[in-house]
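Participant: One structure, pasted below without further comment.
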Amino acid sequence: MQYREPPGGLSREEYWFLTKLKRQASRQMVPLVDKNGEPFNYISVDPIPQRLHEIDLRLGGQVKMPEQVTNRETRDEYYVNSLIQEAITSSQLEGATTTRQVAKEMLRTGRAPRDRSERMILNNYMTMKRIAELTNEPLTKDLVFEIHGLITEGTLDDPTAAGRFRRADEDVAVYDTLTGQKILHKPPPAPELDLRMQRLCAFANQTDGAFVHPVIRSIILHFMLAYDHPFVDGNGRTARALFYWSMRRHSYWMAEFISISHIVLKAPAKYGYAFLFTETDEGDLTYFILYHLKIITRALESLHEYIARKAAELERLELELRGIESLNHRQRSLIQHAARHPGKSYTVEEHRRSHNVSYETARSDLLDLSERGLLAAGRKGKKWVFTPERQLTGRLAAIGGRGSATLV
Numbered sequence: 043m044q045y046r047e048p049p050g051g052l053s054r055e056e057y058w059f060l061t062k063l064k065r066q067a068s069r070q071m072v073p074l075v076d077k078n079g080e081p082f083n084y085i086s087v088d089p090i091p092q093r094l095h096e097i098d099l100r101l102g103g104q105v106k107m108p109e110q111v112t113n114r115e116t117r118d119e120y121y122v123n124s125l126i127q128e129a130i131t132s133s134q135l136e137g138a139t140t141t142r143q144v145a146k147e148m149l150r151t152g153r154a155p156r157d158r159s160e161r162m163i164l165n166n167y168m169t170m171k172r173i174a175e176l177t178n179e180p181l182t183k184d185l186v187f188e189i190h191g192l193i194t195e196g197t198l199d200d201p202t203a204a205g206r207f208r209r210a211d212e213d214v215a216v217y218d219t220l221t222g223q224k225i226l227h228k229p230p231p232a233p234e235l236d237l238r239m240q241r242l243c244a245f246a247n248q249t250d251g252a253f254v255h256p257v258i259r260s261i262i263l264h265f266m267l268a269y270d271h272p273f274v275d276g277n278g279r280t281a282r283a284l285f286y287w288s289m290r291r292h293s294y295w296m297a298e299f300i301s302i303s304h305i306v307l308k309a310p311a312k313y314g315y316a317f318l319f320t321e322t323d324e325g326d327l328t329y330f331i332l333y334h335l336k337i338i339t340r341a342l343e344s345l346h347e348y349i350a351r352k353a354a355e356l357e358r359l360e361l362e363l364r365g366i367e368s369l370n371h372r373q374r375s376l377i378q379h380a381a382r383h384p385g386k387s388y389t390v391e392e393h394r395r396s397h398n399v400s401y402e403t404a405r406s407d408l409l410d411l412s413e414r415g416l417l418a419a420g421r422k423g424k425k426w427v428f429t430p431e432r433q434l435t436g437r438l439a440a441i442g443g444r445g446s447a448t449l450v
């Protein structure tokens with residue numbers, strides 16, 4: 043509207059006022075209030091209905107998804123990658139400084155975190171896995187406390203602040219990221235948090251009353267937890283975790299394959315503005331809903347792009363390994379990685395975590411590759427370690443019965 047010419051000689055202020063009146067007539071009230079006791083609301087403006095329809099089809103699995111996601115043999119790899127992606131980027135939004143490469147290495151190998159940033163990422167990863175087990179649980183204060191405790195374990199200045207509301211003497215505010223001085227949001231006072239959490243849980247579990255689309259309900263949960271800021275730290279990570287919990291609870295099973303934080307991290311200021319616009323415009327959640335739907339749509343596009351890249355890599359791998367049909371998809375994935383990283387070593391535990399399989403399955407995969415002369419097996423302490431044999435691509439060609447081989 044900022045760039046639209048007002049009709050009929052109206053001033054921009056008059057045009058905005060009339061538009062606002064028209065929108066208010068169609069707004070839907072939400073049984074949640076701001077810190078002044080005024081109810082939040084939203085309006086189903088374009089393109090909200092269209093984006094909700096697309097999300098229903100794509101995240102609910104009603105549109106045919108790529109075979110790599112629907113096939114149980116290969117979907118675990120994409121699931122693990124999504125968990126890692128969300129764990130890393132959600133933590134980076136809250137200040138974690140660990141690089142993605144180092145964080146992925148930590149999560150895949152299972153080594154202990156070395157600093158606070160790595161601990162934040164590990165906590166996020168474990169929380170996302172835990173959420174998958176809580177799909178059928180109603181939202182309660184204790185469940186929110188459990189999620190917050192998992193997210194903040196070992197990262198708070200005061201360890202006793204995990205899994206409890208902030209106290210009145212624990213001043214909490216949201217500051218602008220540029221200067222760190224300007225207060226953008228002052229959350230509700232601590233004595234109100236218990237009642238506000240009761241209302242939030244009731245809204246999350248509600249099945250009667252006015253219909254609220256499940257995706258919008260999940261988005262509002264995200265907003266409200268962050269708005270209330272009930273904890274001394276970890277509010278953003280907990281809010282995003284609640285979004286995933288709600289999406290899974292409402293049968294959007296594909297939600298576990300997308301990372302919203304990965305998209306948010308590309309332009310974090312827009313994330314903050316979506317909160318700010320809602321708070322400063324009479325609790326109009328439409329701003330945050332529109333923003334969040336766009337994030338989900340982009341996360342879906344990113345998933346499809348990732349799947350397309352992996353499919354292209356798999357096609358190249360299949361071309362190179364056509365003569366070794368007995369290798370399974372996990373072994374082929376490892377060989378491709380090994381060909382690109384000749385100095386890399388692999389353990390049974392790392393292989394198990396990467397593909398979400400049993401220890402025995404992972405061990406069998408690696409021993410088979412060793413017997414084929416593709417990996418060298420050796421001990422490092424009590425662990426078996428597998429490293430690529432020299433001239434791995436040539437060995438692949440020889441095993442496949444081909445004259446040459448080049449993995450790209």
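Just so you know, the sequence shown maps onto residues 43 to 450 in this note's numbering. Cβ atoms here follow ideal geometry from the backbone N, Cα and C, with glycine treated the same way. Computed from a predicted structure; not experimentally measured.
(1) Along the chain, where does the beta strand (DSSP E) that runs through residue 366 open and close?
(2) When the Cα atoms are used, what is the spatial distance from residue 419 to residue 401?
(3) Nearest-angstrom Cα distance between residue 130 and residue 310?
(4) Figure out for me which residue from 53, 47, 52 and 76 has the closest Cα to the Cα of residue 326.
(5) Is the beta carbon of residue 337 sitting closer than 9 angstroms to the one on residue 90?
(6) Taking only the alpha-carbon atoms, compute the straight-line gap between residue 163 and residue 79 and give it to the nearest angstrom.
(7) Which of the three DSSP states, helix, strand or coil, is assigned to residue 433?
(8) Is there at least one Cβ from chain E nearer than 9 angstroms to residue 172's Cβ?
(9) Would you mind working out which of 234, 422, 206 and 119 sits nearest residue 452, comparing C-alpha positions?
(10) Measure the alpha-carbon distance for residue 229 versus residue 273 and round it to whole angstroms.
(11) With 16 other CB atoms within 10 Å as the buried threshold, where does residue 87 fall?
(12) Hey, how far is the Cα of residue 227 from the Cα of residue 215?
(13) What three-state label does DSSP hand residue 448 in the structure shown?
(14) Kindly give me the distance between the Cβ atoms of residue 152 and residue 395, rounded to whole angstroms, as I take these residues to be in contact under 8 angstroms.
(15) Could you check if residue 53 is buried or exposed, using at least 16 other CB atoms within 10 Å of its CB as the buried criterion?
(16) On a CA-only basis, which of 300, 289 and 239 is nearest residue 347? Give me that one, please.
(17) Output the distance between the C-alpha atoms of residue 284 and residue 127, rounded to the nearest integer angstrom.
(18) What is the DSSP secondary structure of residue 422, counted as helix, strand or coil?
(19) Under 8 angstroms Cβ to Cβ from residue 173, same chain only, skipping five residues before and after it: list those, please.
(20) For residue 246, which residues in the same chain have their Cβ closer than 6 angstroms to its Cβ, ignoring the five residues on either side in sequence?
(21) Using CA coordinates, which residue listed in 160, 165 and 136 is at the minimum distance from residue 145?
(22) Near residue 294, what residues of its chain come up, given a Cβ to Cβ distance below 7 angstroms and the 5 sequence neighbours on each side ignored?
(23) Sorted by chain position, which residues of the same chain lie with C-beta nearer than 7 angstroms to residue 168's C-beta, five sequence neighbours on each side aside?
(24) To the nearest angstrom, how far is the alpha carbon of residue 198 from that of residue 276?
(25) Go ahead and pull the three-state DSSP assignment for residue 320.
(26) Can you give the Cα-Cα distance for residue 292 and residue 371, rounded to whole angstroms?
(27) State the CB to CB distance for the pair residue 166 and residue 279, rounded to an integer number of angstroms; the pair is presumed to be in contact (CB under 8 angstroms).
(28) On the premise that residue 424 lies in contact with residue 389, defined as a C-beta separation below 8 angstroms, what is that separation, rounded to the nearest angstrom?
(29) Would a C-beta distance cut-off of 9 angstroms place residue 195 and residue 203 closer than the cut-off?
(30) I need the DSSP call for residue 140, collapsed to helix, strand or coil.
(31) Pull up the CB-CB distance for residue 207 and residue 235, whole angstroms please, since I reckon it's below 8 angstroms.
(32) Based on DSSP bridge pairs, tell me the residues matched to residue 83.
(33) Quick one: is residue 296 buried, meaning 16 or more other Cβ sit within 10 Å of its Cβ, or exposed?
(34) Give the straight-line distance between the Cα atoms of residue 81 and residue 74, rounded to the nearest whole angstrom.
Facilitator: Quick look at the numbers:
(1) Position 324 of the sequence shown, counted from the first residue, corresponds to residue 366. Boundaries cannot be given for residue 366, as no beta strand (DSSP E) includes it and DSSP labels it neither H nor E.
(2) Within the sequence shown, residue 419 is the residue found at index 377, counting from 1. Within the sequence shown, residue 401 is the residue found at index 359, counting from 1. In this structure, the straight-line span from the alpha carbon of residue 419 to that of residue 401 is close to 16 angstroms.
(3) Numbered from its first residue, the sequence shown carries residue 130 at position 88. Numbered from its first residue, the sequence shown carries residue 310 at position 268. Distance between the alpha carbons of residue 130 and residue 310: 15 angstroms.
(4) Here residue 326 is taken as the residue at index 284 of the sequence shown, counted from 1. Shortest Cα-Cα distance from residue 326 to any of 53, 47, 52 and 76 involves 76.
(5) Taking the sequence shown and counting its residues from 1, the one referred to as residue 337 is at position 295. Taking the sequence shown and counting its residues from 1, the one referred to as residue 90 is at position 48. Contact flag unset, no.
(6) Taking the sequence shown and counting its residues from 1, the one referred to as residue 163 is at position 121. Taking the sequence shown and counting its residues from 1, the one referred to as residue 79 is at position 37. Roughly 36 angstroms separates the two Cα atoms.
(7) Here residue 433 refers to the residue found at position 391 when the sequence shown is read from its first residue. Here DSSP, grouped into helix, strand and coil, assigns residue 433 to coil.
(8) Here chain E cannot be found, since the structure has a single protein chain.
(9) Here the chain comprises residues numbered 43 to 450, so residue 452 is not present and cannot be evaluated.
(10) Sequence index remark: in the sequence shown, residue 229 carries index 187 (1-based). Sequence index remark: in the sequence shown, residue 273 carries index 231 (1-based). Distance between the alpha carbons of residue 229 and residue 273 is about 10 angstroms.
(11) Taking the first residue of the sequence shown as 1, we reach residue 87 at position 45. Residue 87 comes out exposed.
(12) In the sequence shown, residue 227 corresponds to position 185, counting from 1. In the sequence shown, residue 215 corresponds to position 173, counting from 1. Their Cα atoms are separated by approximately 6 angstroms.
(13) Within the sequence shown, residue 448 is the residue found at index 406, counting from 1. Confidence at residue 448 is low in this model, with a pLDDT of 35, below 50, so its placement is unreliable and the value that follows should be read with caution. The three-state secondary structure of residue 448, taken from DSSP, is coil.
(14) Position 110 of the sequence shown, counted from the first residue, corresponds to residue 152. Position 353 of the sequence shown, counted from the first residue, corresponds to residue 395. The beta-carbon separation of residue 152 and residue 395, rounded to 6 angstroms, stays under the 8 angstroms limit for a contact.
(15) Counting from 1 along the sequence shown, the entry for residue 53 is found at position 11. Exposed, because fewer than 16 other Cβ atoms sit within 10 Å of the Cβ of residue 53.
(16) Locating residue 347 in the sequence shown gives position 305, where the first residue counts as 1. Distance from the Cα of residue 347 is smallest, within the candidate group 300, 289 and 239, for 300.
(17) Taking the sequence shown and counting its residues from 1, the one referred to as residue 284 is at position 242. Taking the sequence shown and counting its residues from 1, the one referred to as residue 127 is at position 85. Taking C-alpha positions only, residue 284 is separated from residue 127 by approximately 17 angstroms.
(18) The sequence position of residue 422 within the sequence shown is 380, counting from 1. Strand.
(19) For the purposes of this step, residue 173 is taken as residue 131 along the sequence shown, with counting starting at 1. Only 189, 283, 286, 287 and 290 meet the Cβ criterion.
(20) Within the sequence shown, the letter at position 204 stands for residue 246. Closer than 6 angstroms at Cβ, skipping near neighbours: 181 and 263.
(21) Here residue 145 is taken as the residue at index 103 of the sequence shown, counted from 1. In terms of Cα proximity to residue 145, the closest of 160, 165 and 136 is 160.
(22) As a working note, residue 294 is residue 252 in the sequence shown. Spatial neighbours of residue 294 in its own chain (CB-CB distance under 7 angstroms, excluding positions within 5 residues in sequence) are listed in chain order as 101 and 102.
(23) Indexing the sequence shown from 1 puts residue 168 at position 126. Short of 7 angstroms from the beta carbon of residue 168, and not among the five residues preceding or following it, lie these beta carbons of its own chain, in chain order: 192.
(24) Walking along the sequence shown from the start, residue 198 turns up at place 156. Walking along the sequence shown from the start, residue 276 turns up at place 234. The straight-line gap separating the alpha-carbon atoms of residue 198 and residue 276 is approximately 9 angstroms.
(25) Within the sequence shown, the letter at position 278 stands for residue 320. For residue 320, the three-state secondary structure derived from DSSP is helix.
(26) For this step, residue 292 is matched to residue 250 along the sequence shown. For this step, residue 371 is matched to residue 329 along the sequence shown. As the crow flies, the alpha-carbon of residue 292 is around 32 angstroms from that of residue 371.
(27) Here residue 166 refers to the residue found at position 124 when the sequence shown is read from its first residue. Here residue 279 refers to the residue found at position 237 when the sequence shown is read from its first residue. Right, the Cβ-Cβ distance comes to about 6 angstroms (below 8 angstroms), so this counts as a contact.
(28) On the sequence shown, residue 389 is found 347 positions in, with the first residue counted as 1. On the sequence shown, residue 424 is found 382 positions in, with the first residue counted as 1. The beta-carbon distance between residue 389 and residue 424, rounded to whole angstroms, is 11 angstroms. This is too long to meet the 8 angstroms contact definition.
(29) Against the sequence shown, residue 195 aligns to sequence position 153. Against the sequence shown, residue 203 aligns to sequence position 161. Not a contact, by the Cβ cut-off of 9 angstroms.
(30) By 1-based counting over the sequence shown, the position of residue 140 is 98. Three-state DSSP puts residue 140 in coil, outside helix and strand.
(31) On the sequence shown, position 165 is the one that residue 207 refers to. On the sequence shown, position 193 is the one that residue 235 refers to. A Cβ-Cβ distance of about 5 angstroms is found for the pair residue 207 and residue 235, placing them in contact under the 8 angstroms criterion.
(32) Taking the first residue of the sequence shown as 1, we reach residue 83 at position 41. Residue 83 is bridged to 71 and 326.
(33) Translated into positions along the sequence shown, residue 296 becomes position 254. Flag for residue 296 reads buried.
(34) Numbered from its first residue, the sequence shown carries residue 81 at position 39. Numbered from its first residue, the sequence shown carries residue 74 at position 32. When rounded, the distance between both Cα atoms is 6 angstroms.
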